[in-house]
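Colleague: First the structure, then my questions, so here it is.
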Amino acid sequence: MLALSDAGILLGRTAADWRGAVLLAGEGLEAAGFAAAPYGQRMVGMVEEFGAYIVIAPGLALAHARPGPDVVTSGMSVVTLTEPVVFGHPYNDPVSVVLGLAVITADEHVAGIAELANVFNDSSAIGRLAAARSVADVRAVFDVPGVSSFRERH
Amino acid sequence: MKIVAICGAGVGTSGILKVNAERALARLDIEAEVSATDVASVAIAAADAQVILTSPEFVDRLGKTNADVIVVQNYFDVDELTAKLEAALG
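Line by line, the protein sequences give chains C and L.
First residue of the first sequence: 192, per our numbering; consecutive thereafter.
First residue of the second sequence: 9, per our numbering; consecutive thereafter.
Shown next as structure tokens:
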């Protein structure tokens, strides 16, 4: 359900702060063809409006914004940071892996989200992503039983 | 039994919370309807909810509620959700 493109996997990046990290996730979505440029700023806006709630597990942020005209097709991006950044979350800082999520409608993403939960219910998944050195390493993390639809796109 | 998962957009994070809350409830053998919504709709969505699941950021935004508010640290940790739901509902 959630597409992941090689172009949207950005490994070993650096970001000055959480804004930079979220914008990298937007860059990945844009490079993959899933979202247009304004979407990255809209993801930043979610944190400005509501706080660091997108940091949903230790070391992991799930950047996203509401559906909008800047979403081309539903999909995700993966960013790993060489230096973890602080978002201001009371429990889960600092963040070394940022997932970018773009969805066309709130309803349609439910199956994809359930699959994402399957991947990260394995508590080693975030560490393995943070340590990924190649696109294949990243795909291996998402390639778990029950996750059949993280389809490849080129 | 009604449980509402709250996040900023009603997209993404609250969906993960809903999926994993359902897994925790299955472990506890508790039947409940879990819905995911955004914080702007909380007054309506959670009016008759027994439990609200959310992030620390949203606690102050929930307003007056009779529901038990459960603050979730790790959205992917079904053990944490199970323990907190059991404490609230058990």
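All C-beta atoms, glycine included, are put in the ideal place defined by N, C-alpha and C.
Which residues in chain L sit within 7 Å of Val-301 of chain C, going by Cβ to Cβ distance?
Modeller: Translated into the one-based positions of the first sequence, residue 301 of chain C becomes position 110. Residues of chain L passing the Cβ test: Gly-23.
Colleague: By how many angstroms is the C-alpha of Phe-278 of chain C removed from the C-alpha of Ala-198 of chain C?
Modeller: The residue labelled residue 198 of chain C in the question sits at position 7 within the first sequence. The residue labelled residue 278 of chain C in the question sits at position 87 within the first sequence. Taking the straight line joining both Cα atoms gives about 25 Å.
Colleague: Just to confirm before moving on: does the CB-CB distance between Ala-256 of chain C and Ala-17 of chain L stay below 9 Å?
Modeller: Position 65 of the first sequence holds residue 256 of chain C. Position 9 of the second sequence holds residue 17 of chain L. In this structure, Ala-17 of chain L lies closer than 9 Å to Ala-256 of chain C by Cβ.
Colleague: Which whole runs of the alpha helix (DSSP H) in the stretch 263-327 of chain C are 4 residues long or more, in chain order?
Modeller: Listed in chain order, the complete alpha helix (DSSP H) runs (minimum 4 residues) inside the stretch 263-327 of chain C are 301-311, 316-321.
Colleague: Quick one: using the 10 Å Cβ neighbour count with 16 as the cut-off for buried, is Asp-85 of chain L buried or exposed?
Modeller: By one-based count along the second sequence, residue 85 of chain L stands at place 77. Flag for Asp-85 of chain L reads buried.
Colleague: With Asp-56 of chain L and Lys-10 of chain L assumed to form a contact (beta carbons below 8 Å), what rounded beta-carbon distance in angstroms separates them?
Modeller: Numbered from its first residue, the second sequence carries residue 56 of chain L at position 48. Numbered from its first residue, the second sequence carries residue 10 of chain L at position 2. The pair is a contact, with the Cβ atoms about 6 Å apart (cut-off 8 Å).
Colleague: Should the stretch 21-37 of chain L be regarded as contacting the stretch 256-275 of chain C, the criterion being three or more beta carbon pairs within less than 8 Å?
Modeller: Result no; under three Cβ-Cβ pairs closer than 8 Å.
Colleague: Look at the alpha carbon of Asn-309 of chain C and the alpha carbon of Ile-200 of chain C, and state the distance between them as a whole number of angstroms.
Modeller: By 1-based counting over the first sequence, the position of residue 309 of chain C is 118. By 1-based counting over the first sequence, the position of residue 200 of chain C is 9. Computed Cα separation, rounded: 20 Å.
Colleague: Is the stretch 316-336 of chain C close to the stretch 276-296 of chain C, with three or more CB pairs under 8 Å?
Modeller: Yes: at least three Cβ pairs fall under 8 Å.
Colleague: Quick one: does Phe-311 of chain C have its CB under 9 Å from some CB of chain L?
Modeller: Looking up residue 311 of chain C in the first sequence gives position 120. Answer yes: the Cβ-Cβ gap between Phe-311 of chain C and chain L drops below 9 Å somewhere.
Colleague: How far does the alpha helix (DSSP H) with Asp-87 of chain L in it extend, from its first residue to its last?
Modeller: Within the second sequence, the letter at position 79 stands for residue 87 of chain L. Unbroken alpha helix (DSSP H) run through Asp-87 of chain L: 86-97.
Colleague: Can you find the residues in the same chain that come closer than 8 Å, C-beta to C-beta, to Gly-250 of chain C, ignoring five residues on each side of it along the sequence?
Modeller: The residue you call residue 250 of chain C lines up with position 59 of the first sequence. For Gly-250 of chain C, where only same-chain residues beyond five positions count, the Cβ hits under 8 Å are Pro-275, Asn-283, Pro-285, Val-286, Ser-287, Val-288, Ile-317, Gly-318, Ala-321.
Colleague: Starting from Arg-204 of chain C, trace the beta strand (DSSP E) both ways and give me its first and last residue.
Modeller: Taking the first residue of the first sequence as 1, we reach residue 204 of chain C at position 13. Note, Arg-204 of chain C: beta strand (DSSP E), 194-204.
Colleague: Can you give me the C-alpha to C-alpha distance between Asp-68 of chain L and Asp-46 of chain L, rounded to a whole angstrom?
Modeller: Working through the second sequence from its first residue, we reach residue 68 of chain L at position 60. Working through the second sequence from its first residue, we reach residue 46 of chain L at position 38. Whole-angstrom Cα-Cα distance: 14 Å.
Colleague: Do Val-213 of chain C and Ala-248 of chain C have their C-beta atoms within less than 9 Å of each other?
Modeller: For the purposes of this step, residue 213 of chain C is taken as the residue at position 22 of the first sequence. For the purposes of this step, residue 248 of chain C is taken as the residue at position 57 of the first sequence. No, the Cβ-Cβ distance between Val-213 of chain C and Ala-248 of chain C is not below 9 Å.
Colleague: Would you check if the distance between the CB atom of Val-19 of chain L and the CB atom of Pro-258 of chain C is smaller than 9 Å?
Modeller: Stepping through the second sequence from its first residue, residue 19 of chain L is reached at position 11. Stepping through the first sequence from its first residue, residue 258 of chain C is reached at position 67. Yes.
Colleague: By the three-class DSSP mapping on this structure, what secondary structure does Thr-62 of chain L have?
Modeller: What you label residue 62 of chain L is simply residue 54 of the second sequence in a count that begins at 1. Thr-62 of chain L: strand per DSSP, three-state reduction.
Colleague: Give a yes or no on whether the C-beta atoms belonging to Val-59 of chain L and Leu-97 of chain L are separated by under 9 Å.
Modeller: Residue 59 of chain L sits at position 51 when you count from the first residue of the second sequence. Residue 97 of chain L sits at position 89 when you count from the first residue of the second sequence. Yes, they are a contact pair.
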